């Protein structure tokens, strides 16, 4: 099974790693072929060049760069979204993952 990557970018990465763990709990419980990793937003270009993810997700702290990030990566076939601030605040990994999967599915239809 080919594992697909989702990159979650944030400001520093502290609370985002907790969100990644919550999302990965859902991934594992549903036996999905996904790996979610968190990085500081300053490493976005480096990480995408290293291995192209199936999606880029921004933490609420950096969602102000959402449009800029979409302009840079969506032409490369990588959907970009941000985590709902309420889901993030509640550390609701299931809602955050569902939202990301919905964006991926919708993006491929466009």
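Numbering (the numbering used here), first residue to last: 11 to 120.
Where a beta carbon is used, it is the ideal one built from N, C-alpha and C, also for glycine.
Every value quoted in this text rests on a predicted model; they were computed, and no experiment measured them.
| Item | Value |
| --- | --- |
| CA-to-CA distance, residue 19 to residue 51, given in whole angstroms | 5 Å |
| Whole-Å CB distance - residue 91 paired with residue 72, under 8 Å assumed | So it is not a contact: roughly 12 Å between Cβ atoms. |
| Where the beta strand (DSSP E) containing residue 46 begins and where it ends | 44-50 |
| Length-filtered (3 minimum) beta strand (DSSP E) runs lying within the segment 56-87 | 65-68 |
| Integer Cβ distance of residue 46 from residue 57, believed to fall under 8 Å | Their Cβ separation, rounded to whole angstroms, is 13 Å, which puts residue 46 and residue 57 out of contact at 8 Å. |
| Buried or exposed (CB count within 10 angstroms, at least 16 for buried), residue 13 | exposed |
| Buried or exposed (CB count within 10 angstroms, at least 16 for buried), residue 100 | exposed |
| Residue 16, DSSP secondary structure in three states | strand |
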